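Accompanying notes for the structure given below.
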Amino acid sequence: MDDLPGNQQPSAPVKPVPQLGRREDVPRAIVLMVVTTVLFACASAASKWLVGLYPVGEVLFMRSLSSLIGGAAMILPVSGLAVFATSRPRDHFFRGLSQTISQLSLLIAFSLMPLAGAVAINFSSPLFAALVSIVWLKERAGFARWAALLTGFAGVLIVTNPGANSLTIGALFALINAVMYGSVTVAVRGMTRTESANTLVIWQLCVLAFFHSFLLLFGWRWPTPLDAALMFGTGFTNAIGQWVWTRSLHLAPAAAVTPFYYLMLVWSLIIGFLVWGDVPTVSLLIGSAIVVATGLFLFLREARLQRRPPHIATGSASRSDR
Numbered sequence: 054m055d056d057l058p059g060n061q062q063p064s065a066p067v068k069p070v071p072q073l074g075r076r077e078d079v080p081r082a083i084v085l086m087v088v089t090t091v092l093f094a095c096a097s098a099a100s101k102w103l104v105g106l107y108p109v110g111e112v113l114f115m116r117s118l119s120s121l122i123g124g125a126a127m128i129l130p131v132s133g134l135a136v137f138a139t140s141r142p143r144d145h146f147f148r149g150l151s152q153t154i155s156q157l158s159l160l161i162a163f164s165l166m167p168l169a170g171a172v173a174i175n176f177s178s179p180l181f182a183a184l185v186s187i188v189w190l191k192e193r194a195g196f197a198r199w200a201a202l203l204t205g206f207a208g209v210l211i212v213t214n215p216g217a218n219s220l221t222i223g224a225l226f227a228l229i230n231a232v233m234y235g236s237v238t239v240a241v242r243g244m245t246r247t248e249s250a251n252t253l254v255i256w257q258l259c260v261l262a263f264f265h266s267f268l269l270l271f272g273w274r275w276p277t278p279l280d281a282a283l284m285f286g287t288g289f290t291n292a293i294g295q296w297v298w299t300r301s302l303h304l305a306p307a308a309a310v311t312p313f314y315y316l317m318l319v320w321s322l323i324i325g326f327l328v329w330g331d332v333p334t335v336s337l338l339i340g341s342a343i344v345v346a347t348g349l350f351l352f353l354r355e356a357r358l359q360r361r362p363p364h365i366a367t368g369s370a371s372r373s374d375r
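Given below as structure tokens:
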């Protein structure tokens, strides 16, 4: 989220590639994933705090700038300027534009609704990614997948709780973020065939900082030294969280550590209560449980199918989806 915060949500499982000399350490990987959730939850809370005091565009730009500085400091010494080489600048541009809209929507949602509610709705992005994959990439979808999607979207409706007063503005922006981020996730799947991870990251950071700079036209307020440090801190926290998350996935199979990613919702509930006095509603708890359960089901099911030989996985998918 926020890439989360920044929308750093687990993407679709990638078929593992054997690596010589690589040793798995599942307990350590789980600890790192828990640390990741704490970092992202704290960065999300800091963003919510800041948008209550400063224009959203200012907070986004300062955070994007610090993320770019931190990301460049980690990537450029290793890859050099060659990391910018790409045959797909247009795809990077539109991916960055989509992420700009996604992150802007998320911070607006933070300013209008409880932290945990925005985080819970953001966790529905894998559902939208699966839906886009079915419609856009023409991926096979049978009964099991459709049942999970419909159940997950029902959970989203419970979280957003559209009653007599209709859908709240904050929940609407949180949904826009989830839809945009889910779409970006699908697009990135295709880009990974030609682009390295470092190229994807550095282009995203540059494009985001570029687009977010235009948001400064809509308002600027000189931050106090402490708030300026907090703005930059959210960006650096995002970068560190992404690195810790990647390290966790390097030490253990994604299926072993991804379930712990959803602890971020627990930390968000706790922080929201301690800082803003937000008491979770029954609809938030029930809807969040449904969204998390269906997201995990889709992830673990796809991971199980991808671990099988192609002819077996295809056959199993066909039978289970009938």
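Residues in the sequence shown are numbered from 54 upward in steps of one, following the working numbering. Even for Gly, the Cβ is constructed at its ideal location relative to N, Cα and C. These numbers come from a predicted model, not from an experiment.
Nearest-angstrom Cα separation, counted from residue j out to residue i
{"i": "A342", "j": "N175", "result": "13 Å"}
{"i": "T90", "j": "A292", "result": "13 Å"}
{"i": "P84", "j": "Q295", "result": "A small correction: the amino acid at residue 84 is Val; Pro does not occupy that position in the sequence shown. Distance between the alpha carbons of V84 and Q295: 14 Å."}
{"i": "F350", "j": "R193", "result": "16 Å"}
{"i": "S140", "j": "M244", "result": "11 Å"}
{"i": "K101", "j": "L168", "result": "7 Å"}
{"i": "S178", "j": "P130", "result": "33 Å"}
{"i": "R143", "j": "F137", "result": "13 Å"}
{"i": "A309", "j": "A94", "result": "21 Å"}
{"i": "Y234", "j": "A162", "result": "14 Å"}
{"i": "W199", "j": "P278", "result": "50 Å"}
{"i": "W275", "j": "S266", "result": "15 Å"}
{"i": "F196", "j": "I122", "result": "46 Å"}
{"i": "L157", "j": "I229", "result": "10 Å"}
{"i": "M86", "j": "P306", "result": "12 Å"}
{"i": "A356", "j": "L106", "result": "43 Å"}
{"i": "S120", "j": "L165", "result": "25 Å"}
{"i": "W273", "j": "G110", "result": "8 Å"}
{"i": "A207", "j": "V254", "result": "33 Å"}
{"i": "C259", "j": "S132", "result": "16 Å"}
{"i": "I154", "j": "M115", "result": "16 Å"}
{"i": "T252", "j": "Q152", "result": "16 Å"}
{"i": "A201", "j": "W329", "result": "33 Å"}
{"i": "H145", "j": "L302", "result": "24 Å"}
{"i": "S249", "j": "S117", "result": "21 Å"}
{"i": "L353", "j": "T311", "result": "9 Å"}
{"i": "F226", "j": "V332", "result": "21 Å"}
{"i": "W189", "j": "S97", "result": "31 Å"}
{"i": "N214", "j": "F326", "result": "20 Å"}
{"i": "L269", "j": "F285", "result": "16 Å"}
Contact belief for residue i with residue j at Cβ below 8 Å, rounded distance in angstroms
{"i": "G340", "j": "V212", "result": "3 Å"}
{"i": "S236", "j": "V185", "result": "5 Å"}
{"i": "L304", "j": "D78", "result": "5 Å"}
{"i": "V172", "j": "S321", "result": "4 Å"}
{"i": "T287", "j": "A99", "result": "5 Å"}
{"i": "P108", "j": "F313", "result": "Actually they are not in contact, since the Cβ atoms of P108 and F313 sit about 35 Å apart, beyond 8 Å."}
{"i": "T347", "j": "G149", "result": "So it is not a contact: roughly 29 Å between Cβ atoms."}
{"i": "L113", "j": "L160", "result": "6 Å"}
{"i": "V344", "j": "V239", "result": "Actually they are not in contact, since the Cβ atoms of V344 and V239 sit about 19 Å apart, beyond 8 Å."}
Cβ-based burial, residue i [other Cβ within 10 Å; buried from 16]
{"i": "S81", "result": "Here residue 81 is Arg; the residue named in the question, Ser, does not match the sequence. It counts as exposed."}
{"i": "W256", "result": "buried"}
{"i": "W298", "result": "buried"}
{"i": "G170", "result": "buried"}
{"i": "L92", "result": "buried"}
{"i": "V104", "result": "buried"}
{"i": "A282", "result": "exposed"}
{"i": "A183", "result": "buried"}
{"i": "A224", "result": "buried"}
{"i": "A262", "result": "buried"}
{"i": "L203", "result": "exposed"}
{"i": "T290", "result": "buried"}
{"i": "I324", "result": "buried"}
The alpha helix (DSSP H) enclosing residue i, as first and last residue numbers
{"i": "M86", "result": "V79 to V104"}
{"i": "P130", "result": "V109 to S132"}
{"i": "D144", "result": "P142 to L165"}
{"i": "S177", "result": "First-last for S177: undefined, no H or E at that position."}
{"i": "D280", "result": "P278 to L304"}
{"i": "V332", "result": "Unbroken run through V332: none, as it is neither H nor E."}
{"i": "V209", "result": "F196 to T213"}
{"i": "S266", "result": "A250 to F267"}
{"i": "A135", "result": "Here A135 belongs to no alpha helix (DSSP H), and DSSP marks it neither H nor E."}
CB contact check: residue i to chain C, cutoff 8 Å
{"i": "R246", "result": "You won't find chain C in this structure, because it holds only one protein chain."}
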